[in-house]
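Visitor: Those sequence lines, one after another, are chains A and Z. Okay, so the first sequence: first residue is 1162 according to this note's numbering, each after it adds one. Okay, so the second sequence: first residue is 5 according to this note's numbering, each after it adds one. Idealized CB from N, CA, C, for every residue including glycine. Pasting a structure here, questions to come.
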Amino acid sequence: MRRALRFSVLTVCLAFCLTGCSAAIGASASQSGPQRYEATWMDVFDTVTTVVGYAGSEEEFEARAQEFHDEMVEYHQLYDIYNDYEGVSNIKTINDNAGVAPVEVDERIIDLLVFARDMCEATDGKTNAAMGSVTKLWHDARAAAESDANLEGTPPSEDEIAEALTHISFDTIVIDEAASTVFITDPAQSIDVGSIAKGYAVEQAASQFDDLLISAGGNVRAAGTKPDGSLWAVGVQNPDGGSEYAAVLNVTDESVVTSGDYQRYFVSDGVRCHHIIDPDTGYPASLYRSVTIVCPDSGTADALSTALFNLPVERGTEVAQAFDAQVLWIFADGSQQMTDGFAALLRD
Amino acid sequence: MTRLTFRRGDAVVIAAILAASIALTAAFVLSARRGAAASVEIRQNGEVLAVLPLDEDAEFTVGGAYTNVIEVRGGEVFFAESDCPGQDCVHSGAVSAAGRSLVCLPNRVEVRITADSPDENAVDGVAG
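Right, dumping it as structure tokens:
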């Protein structure tokens, strides 16, 4: 009898032990399924592109990652406005032929430009791929400032900006879908798809996958879930660059895209001149530090993040609602405002 | 029939097992919560050049089209020097949290902080 009691006490003690042990077994068991892999490239869209996925072997993962990357390279060349590629008619070719002649281009360029025109219309013109004349001025000013240790630079003159702003209408960009040609009738005009092309390309290249997380320069596209059914965790960068994220979301089949004033900029008289230019003023918008959009389509998210960066919260909310998109605004003082749908995606 | 008695030996055994089980459980909980240690992974063209512990000060130089000097100091990592044209890497400042990364695009170099063991605070991607 005494022995029996001793056994029962020992059993209780052992049970304590076993709870500890079972936790250890659970953790190691989760590593015996598909392994996590990551691939990174720096040769597309002037940024870092990372693919995270799970696969039975490294070869299996690399084959899929390569497929994605190959497609991104094609989009990169087609949508490039700075470089020529042998045998490729791209957006630079269209710009070079402004006021000269229509250029026959790949269907993927036509599709992007039609999408860009639609998004421009849907956002009160606040994301405008036809304003290359204006963004070029700021791009050149930023490039000139790059050699300075403190990124000190000189903004374009008011006259230059005012003149450039008279050449930003989509009306002078003739997209002939039947002939697959694009013609910019105004020689002073050019196309800049910087606010839309990366997200659009990611969407096209990602749509064939259902179990990857793609991140192209901060445009995150989460396809499907992880193999164990859990959601992808996506952090939103803190505009101040701290190690804490401004928010962390749990998502599946969503794109998360942020436009911020900290991404590409130069400094003039202590003022940060960043790359998101309000098409109505010709100057960098200053309503927010950053705006983050969550919606399934990565191209839409990319376009909306730029548009909402240039729009007041009220109008931005309306525009986002039309696309069923969720929004996080971060203001200059670090405070945040978010839609209810965005709050619902926050990780606990 | 023997009488039920509780001997000193029993108490010692019980106490020992209890202490061991509590210590074990605590060890698991703590290691999971702390996210354990982190490493700095330095890659060029996707190839891993070095993996350094984040909690040990070190300096690492990467050659290639340009030269980057990467420094680990005080639990942070940053591009200390670079002769690349844009200097974006140097201007990016320092990072310290698992999942964060820094890059020098012209030199095709990526510096990424990875958690050495599964970290419940880790993320799969960062928008921004």
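DSSP three-state call for Ala-1517 (chain A): helix, strand or coil?
Guide: With chain A running from 1162 to 1509 in the structure shown, residue 1517 (chain A) is simply not present.
Visitor: Mind listing which residues of the stretch 1277-1291 of chain A have their C-beta closer than 7 Å to chain Z's C-betas, in chain order?
Guide: For the stretch 1277-1291 of chain A, which is checked against every Cβ of chain Z, not one residue is closer than 7 Å.
Visitor: Could you say which of A:Pro-1400, A:Ala-1383 and A:Gly-1402 lies nearest to Trp-1393 (chain A) if we only look at CA atoms?
Guide: As a position in the first sequence, residue 1393 (chain A) is number 232, starting the count at 1. The shortest Cα separation from Trp-1393 (chain A) among A:Pro-1400, A:Ala-1383 and A:Gly-1402 belongs to A:Ala-1383.
Visitor: What's the C-alpha gap between Lys-1297 (chain A) and Asn-1399 (chain A)?
Guide: The residue labelled residue 1297 (chain A) in the question sits at position 136 within the first sequence. The residue labelled residue 1399 (chain A) in the question sits at position 238 within the first sequence. Near 28 Å, if we compare the C-alpha coordinates of Asn-1399 (chain A) and Lys-1297 (chain A).
Visitor: Nearest chain Z C-beta to Met-1499 (chain A) closer than 8 Å, yes or no?
Guide: Counting from 1 along the first sequence, the entry for residue 1499 (chain A) is found at position 338. Answer no: the Cβ-Cβ gap between Met-1499 (chain A) and chain Z never drops below 8 Å.
Visitor: What residues in its chain sit with their C-beta under 7 Å from that of Thr-118 (chain Z), if we drop five residues either side in the sequence?
Guide: Within the second sequence, numbered from 1, the residue matching residue 118 (chain Z) stands at position 114. Excluding sequence neighbours, Thr-118 (chain Z) sits near Ala-42, Ser-43, Glu-45 and Ala-102.
Visitor: Quick check: is the beta carbon of Met-1233 (chain A) nearer than 8 Å to any beta carbon in chain Z?
Guide: In the first sequence, the residue the question calls residue 1233 (chain A) occupies position 72. It does not; no Cβ of chain Z falls within 8 Å.
Visitor: What number of angstroms, rounded off, separates the C-alpha of Tyr-1246 (chain A) from the C-alpha of Glu-1475 (chain A)?
Guide: As a working mapping, residue 1246 (chain A) is identified with position 85 in the first sequence. As a working mapping, residue 1475 (chain A) is identified with position 314 in the first sequence. Spanning the two alpha carbons is a distance of roughly 43 Å.
Visitor: Check each candidate in Z:Phe-64, Z:Val-17, Z:Ser-25 and Z:Ala-69 and name the one with the smallest Cα separation from Val-81 (chain Z).
Guide: Here residue 81 (chain Z) refers to the residue found at position 77 when the second sequence is read from its first residue. Selected option, being the one with the closest Cα: Z:Phe-64.
Visitor: Could you please give the first and the last residue of the uninterrupted beta strand (DSSP E) stretch that includes Tyr-1423 (chain A)?
Guide: Taking the first sequence and counting its residues from 1, one reaches residue 1423 (chain A) at position 262. No beta strand (DSSP E) contains Tyr-1423 (chain A), which DSSP labels as neither H nor E.
Visitor: From the DSSP secondary-structure annotation, give me the bridge partner or partners of Glu-63 (chain Z).
Guide: Position 59 of the second sequence holds residue 63 (chain Z). Answer by DSSP bridge pairing, in chain order: Z:Glu-75.
Visitor: According to a CB-to-CB cut-off of less than 7 Å, which residues of the stretch 69-93 of chain Z neighbour chain A?
Guide: The stretch 69-93 of chain Z vs chain A, Cβ under 7 Å: Pro-89, Gly-90 and Gln-91.
Visitor: For Thr-1467 (chain A), which of helix, strand or coil comes out of DSSP?
Guide: Walking along the first sequence from the start, residue 1467 (chain A) turns up at place 306. Reduced to three states, the DSSP call for Thr-1467 (chain A) is helix.
Visitor: Starting from the Cα of Asp-1332 (chain A), find the closest Cα among A:Val-1409, A:Ala-1290 and A:Gln-1487 and give me that residue.
Guide: The residue labelled residue 1332 (chain A) in the question sits at position 171 within the first sequence. It is A:Ala-1290 whose Cα lies nearest to the Cα of Asp-1332 (chain A).
Visitor: In chain order, what residues of the same chain have a beta carbon less than 7 Å from the beta carbon of Val-1170 (chain A), not counting five sequence neighbours either side?
Guide: Counted from its first residue, the first sequence places residue 1170 (chain A) at position 9. Confidence at Val-1170 (chain A) is low in this model, with a pLDDT of 49, below 50, so the placement of that residue should be treated as unreliable; the coordinate-derived value is given next. If we look at Val-1170 (chain A) and ignore the five residues flanking it on each side, it has no Cβ neighbours.
Visitor: For Ala-54 (chain Z) and chain A, any beta-carbon pair shorter than 8 Å?
Guide: The residue labelled residue 54 (chain Z) in the question sits at position 50 within the second sequence. No, no contact with chain A.
Visitor: Closest to Arg-47 (chain Z) by C-alpha separation, out of Z:Val-107, Z:Val-127 and Z:Asp-128, would be which residue?
Guide: Position 43 of the second sequence, counted from the first residue, corresponds to residue 47 (chain Z). Nearest option by C-alpha distance: Z:Val-107.
Visitor: For Gly-97 (chain Z), go through chain A and note every residue whose CB falls closer than 7 Å to its CB, in chain order.
Guide: For the purposes of this step, residue 97 (chain Z) is taken as residue 93 along the second sequence, with counting starting at 1. The answer, in chain order, is Gly-1402.
Visitor: What residue range is occupied by the uninterrupted alpha helix (DSSP H) comprising Ser-96 (chain Z)?
Guide: By one-based count along the second sequence, residue 96 (chain Z) stands at place 92. No alpha helix (DSSP H) holds Ser-96 (chain Z); DSSP gives it neither H nor E.
Visitor: If you run the structure through DSSP and keep just helix, strand and coil, what is Glu-1479 (chain A)?
Guide: The residue you call residue 1479 (chain A) lines up with position 318 of the first sequence. Glu-1479 (chain A) falls in the helix class under three-state DSSP.
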